[in-house]
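The block underneath contains the structure these notes are about, expressed in structure tokens.
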Amino acid sequence: MTLVGSSNKLMTNLRRAKRAAEEGRLAGSLANLNARLAQQTPRRILAISDRQHYTSEQQFAPLIRHRQSIAARLGLVFEFATIEALDRLIERGFAGYTAVGIKLGWSTPKAEAERLATRLFAAARQAGARTLVFDGDDDLCVLWAPVIGAADAYIKKHRFADNQAYMRGYVGKTNLTDYVHRTYGISFDENLIPRVDALQPDQINKIVLGWNIALDDKIHDLANDLGPDTLSHQRDIDLGCRASVGPDRWIYGMRHAATSAMEAMADSYRVHAPTNRVPQDEYYDEMLRARLSVSPFGYGELCWRDFEAILCGSVLVKPDMSHAVTWPDIFVPHETYIPVAWDFSNLRDVCTPYLEDEGARRKIAETARDRLMTALKPEVFIKRLEQTMKQAGVL
Numbered sequence: 240m241t242l243v244g245s246s247n248k249l250m251t252n253l254r255r256a257k258r259a260a261e262e263g264r265l266a267g268s269l270a271n272l273n274a275r276l277a278q279q280t281p282r283r284i285l286a287i288s289d290r291q292h293y294t295s296e297q298q299f300a301p302l303i304r305h306r307q308s309i310a311a312r313l314g315l316v317f318e319f320a321t322i323e324a325l326d327r328l329i330e331r332g333f334a335g336y337t338a339v340g341i342k343l344g345w346s347t348p349k350a351e352a353e354r355l356a357t358r359l360f361a362a363a364r365q366a367g368a369r370t371l372v373f374d375g376d377d378d379l380c381v382l383w384a385p386v387i388g389a390a391d392a393y394i395k396k397h398r399f400a401d402n403q404a405y406m407r408g409y410v411g412k413t414n415l416t417d418y419v420h421r422t423y424g425i426s427f428d429e430n431l432i433p434r435v436d437a438l439q440p441d442q443i444n445k446i447v448l449g450w451n452i453a454l455d456d457k458i459h460d461l462a463n464d465l466g467p468d469t470l471s472h473q474r475d476i477d478l479g480c481r482a483s484v485g486p487d488r489w490i491y492g493m494r495h496a497a498t499s500a501m502e503a504m505a506d507s508y509r510v511h512a513p514t515n516r517v518p519q520d521e522y523y524d525e526m527l528r529a530r531l532s533v534s535p536f537g538y539g540e541l542c543w544r545d546f547e548a549i550l551c552g553s554v555l556v557k558p559d560m561s562h563a564v565t566w567p568d569i570f571v572p573h574e575t576y577i578p579v580a581w582d583f584s585n586l587r588d589v590c591t592p593y594l595e596d597e598g599a600r601r602k603i604a605e606t607a608r609d610r611l612m613t614a615l616k617p618e619v620f621i622k623r624l625e626q627t628m629k630q631a632g633v634l
């Protein structure tokens, strides 16, 4: 199967140009006009980012993509700026803004993150604006307690299902670094982030669920590139996974556990778990051929592979996600994915029923893909955004 835009340079360039236009100042003025034409009271939201990490920046992707519809439906007019303009923005002031938000990359030193957020939020509050943090990190934890303490609301892609999990510290940056420390003896003492601190109850109450990487441009494009016959694709791989990393990476233990458990099933099933890198089209072709796709944790619980597999009509097999809350939620056990133990010790047991029953496998594949495609619709995202902004006190 050929993907329409995946390797087409012209399509790639057109998409890049379109997104640049959607993010620009002219689009902001048009959004303001669209809000007024729809008889909405414009509520301006300024999102300031350091643009350090692409995956974090993608938290803004659906805001940019649906900028005009958001303005017309909700009256929210998003504007975007970089951290380099912070001095000028503060000097100008934030009169007329309903909310001002900041996004900082995880590699920002803690003291610098606190300084930037505190300074920005003080100026925003002088103008009566709500103060927001957009956390685009891969994981569930909150990196800087002082930053969430300074904000009115803290918007995350996913959060712990149990708030008690925020009331303890973790070795390394996340609950996953803490897990590999306890399970594989990995030290994070010399890491850039050797530990994250516990949060206080008033800080935890500021965490607001936003939207996850299913809304990233990469997934949006793949959904458009794949034809409607995806679920009927011929599948000659029973269990597929391309997620190996070198032993020098802290995620190695989690990835190796997955591939080892898969290899143990090669006596009964067609297992495909190569270690080399391949072009994107070949990567997707393997997913289109796989009945089940194993997706171990990485630097966070979610990764593009989860959603790529679902769009390709392969059933997602992933470590149990019951500890996390996210949106869109395609992690409903045995309904949209197959949960497996974090150490993959029961991989054969959980996969066999679906490898032996194509009808049951197909049902999960169809349900998961339908829910993901629904979440990608503009009106569905806008409804999610409305809920998020109401919880953040912006609406």
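Each step along the sequence shown adds one to the number in this note's numbering, with nothing skipped, and position 92 is 331.
Beta carbons: idealized from backbone N, C-alpha and C, even for Gly.
These figures come from a predicted structure and were not determined experimentally.
The continuous beta strand (DSSP E) containing Arg283 extends over residues Arg282 to Ser288. Here Pro558 is bridged, per DSSP, to Val579.
Note that the C-beta distance between Arg398 and Leu379 is below 7 Å. Spatial neighbours of Phe427 in its own chain (CB-CB distance under 7 Å, excluding positions within 5 residues in sequence) are listed in chain order as Val410, Gly411, Thr416, His420 and Pro433. In the three-state reduction of the DSSP assignment, His305 falls in the coil class, being assigned neither a helical nor a strand state. Gly479 carries a strand assignment under DSSP once its states are collapsed to helix, strand and coil. In the DSSP secondary-structure assignment, Pro572 is bridged to Tyr576. With contacts defined as CB atoms closer than 7 Å, Arg304 and Ala266 fail to qualify as a contacting pair. Ala270 is positioned such that its CB atom lies closer than 7 Å to that of Ala310. Close CB contacts of Ala548 within its chain, under the 7 Å cut and outside five residues either way in sequence, are with Met526, Ser532, Ser534 and Leu555 (chain order).
Counting along the chain, Phe319 sits inside the beta strand (DSSP E) bounded by residues Leu315 to Thr321. A Cβ-Cβ separation of about 18 Å leaves Ser288 out of contact with Lys349 under the 8 Å criterion.
In the structure shown, Asp378 falls within a coil segment according to DSSP collapsed to helix, strand and coil. Note that the region 505-517 touches the region 477-496; at least 3 beta-carbon pairs, one per stretch, sit closer than 8 Å.
Tyr293 counts as exposed, since fewer than 16 other beta carbons sit within 10 angstroms of its beta carbon. In this structure, Leu541 lies near Ile452, with their beta-carbon atoms less than 7 Å apart. In the DSSP annotation of this structure, the continuous segment of the beta strand (DSSP E) that includes Thr565 starts and ends at Ala563 to Thr565.
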